[in-house]
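First to last, the protein sequences are chains A and B.
Residue numbering for the first sequence follows our numbering, starting at 3 and increasing by one per position.
Residue numbering for the second sequence follows our numbering, starting at 1294 and increasing by one per position.
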Amino acid sequence: MNILANIISLTIVFAVPLMLVALGGMYSERSGVINLALEGIMVIGALCACFTLQSFDKSGFGPAHPQLSMFLAMIIAAVTGMVFSLLLAFAAINLKADQTIGGTALNTFAPAFAVVVTWAVQGQGLTTIQIPSWIRITQENFGLEPGNGFWDMLLFKYFYLTTPVAIVLFFAAWILMYKTRFGLRLRACGEHPQAADSVGINVYRMRYAGVLISGFLAGIGGLAYTIAVGSGFSSSVGGYGFLALAVMIFGNWKPVQILGSAVFFALFKVIAAYNQSIPFLPKFEGMKDQSSLYQMLPYIVTMIVLIFTSKHSQAPKAEGIPYDKGSR
Amino acid sequence: MKNKKPLAENQMFVAVLASVISIAVGLLFGYILLLVLNPAKAGIGMTAMLTTGFSSLDQFGKVLYQSAPLMLCGLSVGFAFKTGMFNIGATGQYTIGAFCALLGAIAFQLPWWACLILSLIGGAIWGIFPGLFKALFNVNEVITSIMFNWIGMFLVNLLLANMPIMLASAWGASNSDRTANLAQANPGAIIPKGGLDRLFGNSSWINISVFIAMLVAVICWFILEKTTFGFELKACGYNKEAAKYVGINANRNIVSSMIIAGALSGLGGGLYYLAGTIQYVLEKKTLAMGFNGIPVALLANSNPIGTIFSSLFISYIQVGGSAMQPNFSSESTDIIIAVIIYLAAFALLMKGVITKVLKGKGSTTQNADSAAEAEKEEKA
């Protein structure tokens, strides 16, 4: 039973970054800007947040107020993610640049920048930023006895502030997209910007908003990923930005479906890591390195799903096309 | 060269100037970043990056050796660009190509040229998918490419882990996280040095791969500029609907363009890992070489001949980058490369500005082949 609890809690902790980043990608794409830079934004957000946590740890503020420090680190991650995403917004919206190439540039920049800065700050060769252990929420925070039972494992083994915040952000993202005037306008800009402009919506501003929201969510997602991995930040988010793109497509650019596909993808990641200890999985006798097989599966499933859904794809119609006021 | 046009109307000149400006801005940005991080050592770091490549024959040999796979990945990305496709999947094709080459070399004990052909085929197979998905199901090739980069990497890891004969541990070494050393497994699969090692002061890096890559670049140029097939490919890139209207089978061209692009990346993987100096290490992240084909192609404006020079440049600063340690991380060069890509993203805008500066207002239509000469001088 403890294995089951372990798998469920790990799936949740890995689904959190995937969902946040995929929601970010959704906001950007539904405003009409393809955001290939999610991976890079995650790296920058995680880098700045981890440095923040480290400095809190050294100053003694962190151990004294762990969850407040964590919350501040998340804000730092979100803000730096937004600042970094401005680079994409500027190129894609003002300069009408090729969005995929711009995103590729940011993805090249971010990990290199992270390594160079970490190297310069911590000294040569020390390229991993250690995350302090006090950020985890434990039973003691609720006045409970520590234990190793099923519910203890399920709830507290991998419980971080990012999880409840992600749940709040999920509902906020859903409401913002479907229940507000802003959301309707944003979606209009991704479907038919000329029509949106003709009724007085500022397409440029809406697209900036879309990209900035994606920077906000992807920045937090970067920190959430780093926490989930648990071994500190080494200038990489392991391709989760790209995986989040797959989650977004798999989720048809819709929040609820994105949540579902994030859990689905996270489950495969966890199975890949724990496939030896899960009893009900098929055992391929004599096959080595089965984790590669399970890690490959989400990508293959995405491709198969794309074959069947692309004819009726829900992808925003105007994504990837720079909006030019002059052309009608 | 008969009817000389003003500089501003020479598209090639403007393109080269745009690339040179991108490089200059990239280097400047890199220098400023180094200054911010470590003012005392910034000068030393930058000098290391910019001079190491020419500092010794051994290092220059390394520049040439690394430029070969870069050139092929650049050709791959550029070839796809010409058909209007963004081949971000070069790294997956490169990985599969490397695997096929090593499979031929170690498991089947084939000679080096046969292994290179295998790498070509492997890359081509991996290139089919983005092309086919785009042509049949209208799936964006960027998405397919990214998915297949990861599928390719995990597949190669899975296959290598289940083929004990491929691993170094089967050939007298103790580690099982990488492929066998070719010198032990099959010396005949190592790409010959062709006497170049003596010319380069016994450099362990140099072999004939850079000349193979240059030959391939010339072939690509010939296909694109001198054949009907190449014309059809470019027509699809300029305007797919117009190409369809005049009877060009756009879907077939998309698939063949991606097959060729995949084959080029695959060959790059073969050239890199058959040199005998590097062993394939089982990776947890996709290889950087394929991604670096993107700046190579962008700097060259997708021109195959230009790719020769841009890959030499990227390879040169990368070799310089590893000499920046321990003052700075070698990733500093990637920052410069990133700035170059970023600027290339709005290359059209930049070219417009250059044309305006040179000539008041710009209108460029014609493309002079003779300007290729000018570009060679500019970059060499």
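Ideal Cβ positions, reconstructed from N, Cα and C, are used throughout, including at glycine.
Predicted model only: the values in this text are computed from it and were never measured.
Requested in this report: Ignoring anything shorter than 4 residues or poking outside the stretch 1611–1646 of chain B, list the alpha helix (DSSP H) runs there in chain order.
Outcome: 1625–1638
Query raised in the report: Which bits of chain B does alanine 99(A) rub up against, with CB to CB less than 7 Å?
Result: Numbered from its first residue, the first sequence carries residue 99(A) at position 97. By Cβ distance, chain B contributes Ala1638, Phe1639.
Query - Residue-chain proximity (serine 1622(B), chain A), Cβ-Cβ < 9 Å - result: To locate residue 1622(B), count along the second sequence from 1; it is residue 329. So yes, serine 1622(B) belongs to the interface.
Report task. Measure the C-alpha to C-alpha separation of phenylalanine 86(A) and alanine 1454(B) and round it to an integer number of angstroms. Result -> Taking the first sequence and counting its residues from 1, one reaches residue 86(A) at position 84. Taking the second sequence and counting its residues from 1, one reaches residue 1454(B) at position 161. Computed Cα separation, rounded: 39 Å.
Query raised in the report: Do the stretch 228–240 of chain A and the stretch 13–23 of chain A meet, that is, are 3 or more Cβ pairs less than 8 Å apart?
Result: Judged by Cβ distances under 8 Å, the stretch 228–240 of chain A makes contact with the stretch 13–23 of chain A, as three or more pairs qualify.
**Report entry** Contact with chain A by phenylalanine 1372(B), beta-carbon distance below 9 Å
**Finding:** Residue mapping note: residue 1372(B) aligns to position 79 of the second sequence, counting from 1. False, the Cβ-Cβ gap to chain A never drops below 9 Å.
Report task. Would you list, in chain order, the members of the stretch 1339–1368 of chain B that have their beta-carbon closer than 9 Å to a beta-carbon of chain A? Result -> none
**Report entry** Other residues of its chain near glutamate 1670(B): CB distance less than 8 Å, five sequence neighbours each side excluded
**Finding:** For the purposes of this step, residue 1670(B) is taken as residue 377 along the second sequence, with counting starting at 1. For glutamate 1670(B), the predicted model reports a pLDDT of 41, less than 50, meaning its position is unreliable; a value from the coordinates is still stated below. Hits under 8 Å: none found.
**Report entry** Residues of the stretch 1576–1587 of chain B whose Cβ lies closer than 8 Å to any Cβ of chain A, in chain order
**Finding:** Lys1577, Lys1578, Thr1579, Phe1584, Ile1587
Report task. Write down the C-beta distance between glycine 1338(B) and phenylalanine 1606(B) rounded to the nearest angstrom, noting that I regard them as a contact closer than 8 Å. Result -> Indexing the second sequence from 1 puts residue 1338(B) at position 45. Indexing the second sequence from 1 puts residue 1606(B) at position 313. With a Cβ gap of about 18 Å, glycine 1338(B) and phenylalanine 1606(B) do not count as contacting.
Requested in this report: Under 9 Å between beta-carbons, which chain B residues line up against methionine 289(A)? List them in chain order, please.
Outcome: The residue labelled residue 289(A) in the question sits at position 287 within the first sequence. Chain B residues near methionine 289(A): Leu1451, Ala1454, Asn1455.
Query raised in the report: For the stretch 42–61 of chain A against the stretch 116–131 of chain A, are there 3 or more C-beta pairs whose distance is under 8 Å?
Result: A contact exists between the stretch 42–61 of chain A and the stretch 116–131 of chain A.
**Report entry** Straight-line gap, alanine 48(A) to tyrosine 160(A) (C-alpha atoms, nearest Å)
**Finding:** Residue mapping note: residue 48(A) aligns to position 46 of the first sequence, counting from 1. Residue mapping note: residue 160(A) aligns to position 158 of the first sequence, counting from 1. Whole-angstrom Cα-Cα distance: 18 Å.
Report task. Return no unless some Cβ of chain B is closer than 9 Å to the Cβ of threonine 102(A). Result -> Here the question's residue 102(A) lines up with position 100 in the first sequence. Closer than 9 Å: yes.
Query raised in the report: Are any of the Cβ atoms in chain B nearer than 9 Å to that of phenylalanine 86(A)?
Result: For the purposes of this step, residue 86(A) is taken as residue 84 along the first sequence, with counting starting at 1. No, phenylalanine 86(A) does not count as interfacial toward chain B.
**Report entry** Beta carbon proximity, leucine 225(A) to chain B, threshold 9 Å
**Finding:** Taking the first sequence and counting its residues from 1, one reaches residue 225(A) at position 223. For leucine 225(A), the answer is no, since every Cβ of chain B falls outside 9 Å of its Cβ.
Query raised in the report: In this structure, what does DSSP give as the bridge partners for isoleucine 1516(B)?
Result: For the purposes of this step, residue 1516(B) is identified with residue 223 of the second sequence, where counting begins at 1. The beta-bridge partner set that DSSP reports for isoleucine 1516(B) is empty.
**Report entry** Neighbour-count burial assignment, proline 1485(B), 16 or more Cβ in a 10 Å radius
**Finding:** The sequence position of residue 1485(B) within the second sequence is 192, counting from 1. Proline 1485(B) is exposed by the Cβ-count criterion.
Requested in this report: Would you tell me roughly how many angstroms separate the C-alpha atoms of glutamate 1576(B) and tyrosine 162(A), rounded to the nearest one?
Outcome: The residue you call residue 1576(B) lines up with position 283 of the second sequence. The residue you call residue 162(A) lines up with position 160 of the first sequence. In a straight line, the C-alpha of glutamate 1576(B) is about 29 Å away from that of tyrosine 162(A).
Query raised in the report: Can a CB atom of chain A be found closer than 9 Å to the CB of serine 1312(B)?
Result: In the second sequence, counting from the first residue as 1, residue 1312(B) sits at position 19. Answer no: the Cβ-Cβ gap between serine 1312(B) and chain A never drops below 9 Å.
**Report entry** Cβ-Cβ separation, glycine 1367(B) to alanine 1590(B) (assumed contact under 8 Å), whole Å
**Finding:** One-based indexing of the second sequence puts residue 1590(B) at position 297. One-based indexing of the second sequence puts residue 1367(B) at position 74. About 5 Å; that satisfies the 8 Å criterion.
Query raised in the report: If you count every other CB in all the chains shown that lies within 10 Å of the CB of tryptophan 121(A), and 16 or more means buried, which is it?
Result: One-based indexing of the first sequence puts residue 121(A) at position 119. The residue in question, tryptophan 121(A), is buried, as its Cβ has 16 or more Cβ neighbours within 10 Å.
Query raised in the report: Would you say tyrosine 1635(B) faces chain A, with C-beta separation under 9 Å as the test?
Result: Here residue 1635(B) refers to the residue found at position 342 of the second sequence. Tyrosine 1635(B) counts as touching chain A.
Query raised in the report: Is phenylalanine 1493(B) helix, strand or coil by DSSP?
Result: Taking the first residue of the second sequence as 1, we reach residue 1493(B) at position 200. Correct three-state label for phenylalanine 1493(B): coil.
Report task. Could you check the C-alpha separation between isoleucine 36(A) and alanine 1638(B) for me, to the nearest Å? Result -> By one-based count along the first sequence, residue 36(A) stands at place 34. By one-based count along the second sequence, residue 1638(B) stands at place 345. For isoleucine 36(A) and alanine 1638(B), the distance between alpha carbons rounds to 14 Å.
Query - For methionine 1617(B) and alanine 1341(B), the rounded distance between their alpha carbons - result: The residue labelled residue 1341(B) in the question sits at position 48 within the second sequence. The residue labelled residue 1617(B) in the question sits at position 324 within the second sequence. Rounded to the nearest angstrom, the two C-alpha atoms are 6 Å apart.
Report task. Note down, in chain order, each residue of its chain lying with its Cβ closer than 8 Å to the Cβ of glycine 202(A), except the 5 sequence neighbours on either side. Result -> The residue you call residue 202(A) lines up with position 200 of the first sequence. Hits under 8 Å: none found.
Query raised in the report: Taking C-alpha atoms, which residue in Pro1480(B), Val1307(B), Gln1352(B) lies nearest to asparagine 1495(B)?
Result: As a first step, residue 1495(B) is located in the second sequence; it is residue number 202 there, counting from the start. Nearest of Pro1480(B), Val1307(B), Gln1352(B) to asparagine 1495(B), Cα basis: Gln1352(B).
Query raised in the report: So, does the CB of glutamine 1618(B) fall closer than 9 Å to a CB anywhere in chain A?
Result: As a working mapping, residue 1618(B) is identified with position 325 in the second sequence. True, the Cβ-Cβ gap to chain A drops below 9 Å.
Requested in this report: Please go through the same chain and pick out, in chain order, the residues whose beta-carbon is closer than 7 Å to the beta-carbon of alanine 1394(B), but skip the five residues on each side of it.
Outcome: Reading the second sequence from its first residue, position 101 is the one you call residue 1394(B). Correct list, in chain order: Cys1408, Leu1409, Leu1411, Ser1412, Gly1562, Gly1563, Tyr1566, Leu1567.
Requested in this report: Taking only the alpha-carbon atoms, compute the straight-line gap between serine 237(A) and serine 200(A) and give it to the nearest angstrom.
Outcome: As a first step, residue 237(A) must be located in the first sequence, where it is residue number 235. As a first step, residue 200(A) must be located in the first sequence, where it is residue number 198. Those two C-alpha atoms are separated by around 44 Å.
Report task. State whether the stretch 1445–1465 of chain B contacts the stretch 1595–1603 of chain B, with contact taken as three or more CB pairs (one from each stretch) at a distance under 8 Å. Result -> no
Query raised in the report: Run through DSSP, which three-state label would phenylalanine 1524(B) get?
Result: Working through the second sequence from its first residue, we reach residue 1524(B) at position 231. Note: phenylalanine 1524(B) maps to helix in three-state DSSP.
Query raised in the report: In the structure shown, what three-state DSSP assignment does valine 1574(B) receive?
Result: Stepping through the second sequence from its first residue, residue 1574(B) is reached at position 281. For valine 1574(B), the secondary structure class from DSSP, reduced to helix, strand or coil, is strand.
Query raised in the report: Do three or more CB pairs link the stretch 237–251 of chain A to the stretch 1428–1443 of chain B at distances below 8 Å?
Result: yes
Report task. Determine the contact status of asparagine 1285(B) and glutamine 1402(B), defining contact as a CB-CB distance below 9 Å. Result -> Nothing about residue 1285(B) can be reported from this structure: the residues present for chain B run from 1294 to 1673 only.
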